[in-house]
Every structure is written in structure tokens, then in C-alpha cells.
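J.: The opening residue of the sequence shown carries number 23 in the numbering used here; numbering runs sequentially from there. Glycine is no exception: its CB is placed at the ideal position from the N, C-alpha and C atoms. Below you'll find the structure I mean.
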Amino acid sequence: LGVMVLVAAEHLCMSMRGIRSPGTQTVTSAVRGIFRSNAATRAEVLSVINARSDI
């Protein structure tokens, strides 16, 4: 068993004031269980996530 979580968020302080760099993102991840211990399983999940998102 395992879980993988990826959270992508835009820094509004970067896009609306100060630096004014729209689209600035940060990505935070947590990987547990089989996704941490098995590189092939982790790569498979990451490829699906990358194919379906703009992260």
C-alpha cells in the first residue's frame, strides 16, 4: 500500500504585487509506502500525473 500527494499552488503575492511574475508556482509532495520504495511504481504514477496536469 502507499500514497503519493502532489500539491501545486500559485503564489498570488508573486503575481499580483511586488515582483509581478504571473504563473509562479510551488509544488509540494509527499510519498509513502510502495511509491517511496519502488522506483518503477513511482515513475508510473508520476508519468500519469504529468500527462494529465500542468504541474
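1) What residue range is occupied by the uninterrupted alpha helix (DSSP H) comprising Leu-28?
2) Identify the residues that DSSP records as bridge partners of Thr-50: which are they?
3) Return the bridge partner residues of Gly-55 from the DSSP annotation.
4) Reducing DSSP to helix, strand and coil, say where Arg-74 ends up.
5) Short check: CB of Met-26 to CB of Val-53, under 8 Å?
T.: Answer, in terms of the structure:
1) Element bounds for Leu-28: not the alpha helix (DSSP H) but the beta strand (DSSP E), 24-32.
2) According to DSSP, Thr-50 shares a beta bridge with Val-29.
3) Gly-24
4) helix
5) yes
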